[in-house]
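Novice: I am attaching a structure below and will ask some questions about it afterwards.
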Amino acid sequence: MDAISVLRMCPKVAERLYAAPPQAGRVHSVFERVLNLAWHDGRLLTLQGRGPMLAPFAVELPRLPCSHGLRPGVSVRRDGDTLTLDGAFIEWQGARIADSAMPAGGGGPGGALSVLLAGLHAEGAHGLSSTIGHRARSRLAGGLGRRDPEVFIEGARGLLGLGEGLTPAGDDCLVGALAVIHRLTRGWLLAHPEIEASVAAAAATMTTTIAREFVVHALAGRFAESLIDLLTAESADAVGGAATRVLQSGATSGADTLCGVRLALGALGVERA
Amino acid sequence: MTTLTLVRPSAYHDSVALLALARALRADPGVSEVAALMATEANKALMAQSGLLTMEAGAAGPNDLVIVIQAEAAAQAESARATAETLLANRHARAQAAGRARPRTIESARRRLPGANVALISVPGAFAAAEALKALGLGLHVMLFSDNVVLDDEVRLKRFAVDRGLLVMGPDCGTAYLSGVPLGFANVVPRGRIGIVAASGTGLQQVATLLAARGEGISQAVGVGGRDMSEAVGGLMTLQALDALGADRATELIVVIGKPPAAAVRARVAARLRDIGKPAVVAMLGRDVIVREDGAITTVATLEDAALAAVARLTGQRWTPNAFALDAADVRRRILRARQELAPGQRGIRGLYAGGTLAHEAVLILEPLVGAVASDLRPGSDASHRVLDLGADEFTVGRAHPMLDPTSRIEAIERCAKEPDVAVLVLDVVLGRGAAADPAGDIAPAVEAARGEARAHGRALAVVVTVVGTPDDPQGLRGQIARLEAAGAWVLPSNAQAARAAACIAGGERVTNALLGAAE
């Protein structure tokens, strides 16, 4: 028997675990450091090894299950506070809660963040540099800068599913921009619920299952731990460390996310994009 | 023109893997364009813009991987499709093999291989320290390939290792040879009697290959990480590795490679070397190195000199530093020819390096000869000469290291060709296990194109290169050199000589005479 106790999980994940029926889901995809579960509610839930929470829908374990039979399609069952998958028992009784919500902060990011992002010459992945990518980014920035929800939605929809990767570059860029918006001008999003409704609905069909999960959580203000650390960092060292951790996300996802952070800061006049 | 489409439902590959796949397919004969993307609506629009949106791609869904190949002839497209199938199958096979044989934790790996005594850790930096600590806890030496490990964690790990008599090689340790087993980026060099402690991967490779060229081999080579000799880390692993080499019967001479250490660490290293008593060569690449022999310890200023001094020590020959190993008259002729082709105003040197230590060494060699050199290695510097370490984090965001992926270097070469004041490019090409399959072939077309671009504008562009490799490397040293020379590059035997050649071409007669003596 391979018993593993959950270390941390995000509040929304805890709710979803407790709400799950006995046939809770199935394995969606298996990666070196992450297991994605297709949950009974039609969304994803991620099991990860020890370290910063990689997604707002993640569960941190001291290690991933050792079974070699873990592959897409394997059944995941829930019994009380325990998940069972291919001979592994994952218990969440006593797990700590890791807050994945971006705290609102009216003061703007520290100077160190602006300096760091101004120094980044990364354009993001090729998809973002395409004509379509340029146009979508421009609409997103324009919509945010002028606080025009329609234009913003148009830009966001243009970014969904755009470019390379498991989480396409456009989705990563959008998540980065949404992180800044939730940090600096959440009121605007709350005043225009059509943004979340429209972009979430579009994400359901316009991008990959994994990217959709990130976008939907980002629209609701929930993010990976490194992105929260970046936007709440108060010293140059903290900014540098958090930016490094963001860059280490995925193959190119981190760079594309920073591209979105920079775009939004520029649109809000915090940093010249 | 013909177009073929592959659709893989619910296939998940990361962006770097897909970019590498597309790049490999574009290199197939006759292939003009390739798309390898998830079939989202936005990506379909991208494919439509490129004329690659086929019916099959259009019908695929957002969780499907589509590969569209456009080629001149149907047979060529079919051939590329076969290549794509093979590459995807290889990836799948690796993943499957990993599923069967690769354990998920260090603990289970240790259970399967009880005799193992080294763990090589290559995970993102944020996770690396925790994994290294686990390995050390199990009594394993650690080679920490990961970078971006914070300093506090490095100190903690190394103290923990010292308490247990273990090594932590790294972080950011690219190369090691342990009892004949190469780890990381490593050239194929013979086993021998020289032990190396290095705070630099490419520095170690340069010295090991130059030793191999002179018939000498490596007993052990231990990377310690670029910060080990800083005051904060205190040389913990350098001292530990020196003790190991001191006790190693196969090691007759020790070479220490790094950047200038903190004063206290320098003293500790020197004292330890004296205690060990074996002859030693120390190459701490800094500004004010005094080349000297102090008992058993020889201090040198360049990587090449480290190799030459080590060989001289072991063979009982006398060694004095030389600017060029080649015939001085030949060198002078080549420099003169290159200078005569330059247009007025062409004086700039651009170093475009894959190896960080080689870039650092080039700056140290160039500055006394041609004046200030701007460099990403020293933020804030500004001058008409520039040396870039293209393997530094700022250039590798979202892409592989230039020793694996030539894209960033090719782009840099293209940019330099457009700068009217640039006279010379200095490049390094690193061969060996782990490096690109054909690094010279990757950059030679860019070198040819850059020289053509300069000629088209009434200028010239000299290109000097050093190839860090051995005849036994999988890429083949001779073929790599021939490919670069065919592109018009001047290939020199070491990085130090390449940097000096660049200085002579850009700096003119004064520099040439300083290095080669006045012409007769």
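Top line first, the protein sequences correspond to chains W and V.
Going by the working numbering, the final residue of the first sequence carries number 274, and the count climbs one at a time with no gaps.
Going by the working numbering, the final residue of the second sequence carries number 525, and the count climbs one at a time with no gaps.
A virtual CB, placed ideally from N, CA and C, is assigned to each residue, including glycine.
As the structure is a computational prediction, the values presented were derived from the model and not from experiment.
(1) Mark P14 (chain V) as exposed unless 16 or more other C-beta atoms lie within 10 angstroms of its C-beta, in which case mark it buried.
(2) For the alpha helix (DSSP H) holding A64 (chain V), just list the boundary residues, first then last.
(3) Between A397 (chain V) and chain W, is there a C-beta pair that is closer than 8 Å?
(4) What is the DSSP secondary structure of G26 (chain W), counted as helix, strand or coil?
(5) How would you call L156 (chain V), buried or exposed, if buried means at least 16 neighbouring beta carbons within 10 angstroms?
(6) Return the residue from the list W:G144, W:G164, W:E165, W:R148 that minimises the CA-CA distance to E155 (chain W).
(7) Using alpha carbons as the reference points, say which of V:L9, V:Y17, V:A328, V:A94 lies closest to Q81 (chain V).
(8) Just to make sure I have the definition right: I need the residues of chain W whose C-beta is within less than 9 Å of the C-beta of F132 (chain V). Which are they?
(9) Which residue comes first and which comes last in the beta strand (DSSP E) that contains N518 (chain V)?
(10) For M289 (chain V), write down the residues that DSSP places opposite it in a beta bridge.
(11) Would you mind sorting S127 (chain V) into buried or exposed? The rule is 16 or more other CB atoms within 10 Å of its CB.
(12) Give me the chain W residues within the contact set of T59 (chain V), using Cβ-Cβ distance strictly less than 9 Å, ordered along the chain.
(13) Does any residue of chain C have a CB that is nearer than 8 Å to the CB of A237 (chain W)?
(14) Show which residues of chain V have a CB atom less than 9 Å away from the CB atom of R246 (chain W).
(15) Taking the Cβ atom as the reference point for each residue, do L46 (chain W) and V60 (chain W) lie within a distance shorter than 8 Å?
(16) From M60 (chain V) to L11 (chain V), what does the alpha carbon distance come to, in whole angstroms?
(17) If you follow the beta strand (DSSP E) that N327 (chain V) is in, where does it begin and where does it stop?
(18) Counting Cβ pairs, one atom from each stretch, are 3 or more of them under 8 Å apart for the region 360-370 of chain V and the region 319-328 of chain V?
(19) Which same chain residues, not among the five before or five after G512 (chain V), have their C-beta less than 7 Å away from its C-beta?
(20) Could you give the residue range of the alpha helix (DSSP H) that holds A237 (chain W)?
(21) Which bits of chain W does S2 (chain V) rub up against, with CB to CB less than 7 Å?
(22) I'd like to confirm the pairing. Which residues does DSSP put opposite M148 (chain V) in its beta bridges?
(23) When you compare the CB of L167 (chain W) with every CB in chain V, is at least one pair closer than 8 Å?
(24) With 8 Å as the threshold, decide whether the Cβ of E46 (chain V) is near any Cβ in chain W.
(25) Quick check: is the beta carbon of D19 (chain V) nearer than 8 Å to any beta carbon in chain W?
(26) Just mark V186 (chain V) as buried or exposed, buried being the case when its beta carbon has 16 or more other beta carbons within 10 Å.
(27) Helix, strand or coil for N153 (chain V), going by three-state DSSP, please let me know.
(28) Tell me the rounded alpha-carbon separation between I262 (chain V) and L290 (chain V).
(29) For G222 (chain W), which residues in the same chain have their Cβ closer than 6 Å to its Cβ, ignoring the five residues on either side in sequence?
(30) If you run the structure through DSSP and keep just helix, strand and coil, what is I415 (chain V)?
(31) How about A252 (chain W): is its C-beta nearer than 8 Å to some C-beta of chain V?
(32) Compare the Cα-Cα distances from A178 (chain W) to each of W:T206, W:I229, W:I133, W:Y19 and report the closest residue.
(33) Hey, how far is the Cα of I196 (chain W) from the Cα of V77 (chain W)?
(34) Helix, strand or coil: how does DSSP classify G403 (chain V) here?
(35) For R116 (chain V), which residues from the same chain have a beta carbon less than 7 Å from its beta carbon, with the 5 sequence-adjacent residues on both sides left out?
(36) With a threshold of 8 Å, are at least 3 pairs of Cβ atoms found where one atom belongs to the region 482-489 of chain V and the other to the region 453-466 of chain V?
Specialist: Per the coordinate set shown:
(1) Position 9 of the second sequence, counted from the first residue, corresponds to residue 14 (chain V). Answer is exposed; the Cβ neighbour count stays below 16.
(2) As a working mapping, residue 64 (chain V) is identified with position 59 in the second sequence. Taken as a continuous stretch (DSSP letters only), the alpha helix (DSSP H) holding A64 (chain V) covers 60-64.
(3) Here the question's residue 397 (chain V) lines up with position 392 in the second sequence. For A397 (chain V), the answer is no, since every Cβ of chain W falls outside 8 Å of its Cβ.
(4) In the first sequence, residue 26 (chain W) corresponds to position 25, counting from 1. Three-state DSSP puts G26 (chain W) in a strand.
(5) Along the second sequence, read from residue 1 onward, the residue named residue 156 (chain V) stands at position 151. Burial call: exposed.
(6) Here residue 155 (chain W) refers to the residue found at position 154 of the first sequence. The candidate whose alpha carbon is nearest that of E155 (chain W) is W:G144.
(7) Stepping through the second sequence from its first residue, residue 81 (chain V) is reached at position 76. If we check each option's Cα against that of Q81 (chain V), V:L9 comes out closest.
(8) Residue mapping note: residue 132 (chain V) aligns to position 127 of the second sequence, counting from 1. The contacting residues are R34, G50, R51, G52, P53, Q249.
(9) Taking the second sequence and counting its residues from 1, the one referred to as residue 518 (chain V) is at position 513. Here N518 (chain V) belongs to no beta strand (DSSP E); instead the alpha helix (DSSP H) covers 514-521.
(10) To locate residue 289 (chain V), count along the second sequence from 1; it is residue 284. The partner list for M289 (chain V) (beta bridge, DSSP) reads V:G263.
(11) Position 122 of the second sequence holds residue 127 (chain V). Per the 10 Å Cβ criterion, exposed.
(12) Here residue 59 (chain V) is taken as the residue at index 54 of the second sequence, counted from 1. Result: empty, since nearest Cβ-Cβ is about 18 Å, beyond 9 Å.
(13) The chain labelled as chain C is not found among the protein chains of the depicted structure, namely W and V.
(14) The sequence position of residue 246 (chain W) within the first sequence is 245, counting from 1. Neighbours of R246 (chain W) on chain V, chain order: P129, G130, A131, N153.
(15) Reading the first sequence from its first residue, position 45 is the one you call residue 46 (chain W). Reading the first sequence from its first residue, position 59 is the one you call residue 60 (chain W). Yes, these two residues count as a Cβ contact at 8 Å.
(16) Residue 60 (chain V) sits at position 55 when you count from the first residue of the second sequence. Residue 11 (chain V) sits at position 6 when you count from the first residue of the second sequence. Approximately 11 Å between the Cα atoms of the pair.
(17) On the second sequence, position 322 is the one that residue 327 (chain V) refers to. N327 (chain V) -> no beta strand (DSSP E), and no H or E assigned at all.
(18) no
(19) As a first step, residue 512 (chain V) is located in the second sequence; it is residue number 507 there, counting from the start. The residues are L374, V375.
(20) Within the first sequence, numbered from 1, the residue matching residue 237 (chain W) stands at position 236. Note, A237 (chain W): alpha helix (DSSP H), 237-248.
(21) No answer is possible for residue 2 (chain V): it lies beyond the span of chain V, which begins at 6 and ends at 525.
(22) Taking the second sequence and counting its residues from 1, the one referred to as residue 148 (chain V) is at position 143. DSSP lists V:L125, V:M174 as partners of M148 (chain V).
(23) The residue given as residue 167 (chain W) occupies position 166 in the first sequence. Yes, its Cβ sits closer than 8 Å to a Cβ of chain V.
(24) Numbered from its first residue, the second sequence carries residue 46 (chain V) at position 41. It does; some Cβ of chain W falls within 8 Å.
(25) In the second sequence, residue 19 (chain V) corresponds to position 14, counting from 1. Yes, because at least one Cβ of chain W sits closer than 8 Å to the Cβ of D19 (chain V).
(26) Here residue 186 (chain V) corresponds to residue number 181 of the second sequence, with the count starting at 1. Burial call: exposed.
(27) By one-based count along the second sequence, residue 153 (chain V) stands at place 148. The answer is coil: DSSP assigns N153 (chain V) none of H, G, I, E or B.
(28) Residue 262 (chain V) sits at position 257 when you count from the first residue of the second sequence. Residue 290 (chain V) sits at position 285 when you count from the first residue of the second sequence. Cα to Cα, the separation comes out at about 8 Å.
(29) Position 221 of the first sequence, counted from the first residue, corresponds to residue 222 (chain W). Excluding positions up to five away in sequence, the list reads A102, M103, H183.
(30) For the purposes of this step, residue 415 (chain V) is identified with residue 410 of the second sequence, where counting begins at 1. Helix, per DSSP.
(31) Position 251 of the first sequence holds residue 252 (chain W). Output row for A252 (chain W): interface = yes.
(32) Counted from its first residue, the first sequence places residue 178 (chain W) at position 177. Considering only alpha carbons, the answer is W:I229.
(33) Within the first sequence, the letter at position 195 stands for residue 196 (chain W). Within the first sequence, the letter at position 76 stands for residue 77 (chain W). Cα-Cα distance, rounded: 34 Å.
(34) Mapped onto the second sequence, residue 403 (chain V) falls at position 398. With a pLDDT of 49 at G403 (chain V), under the threshold of 50, the modelled position of this residue cannot be trusted; read the value that follows with caution. If DSSP states are grouped into helix, strand and coil, G403 (chain V) belongs with coil.
(35) The residue labelled residue 116 (chain V) in the question sits at position 111 within the second sequence. Same-chain partners within the cutoff: there are none.
(36) no
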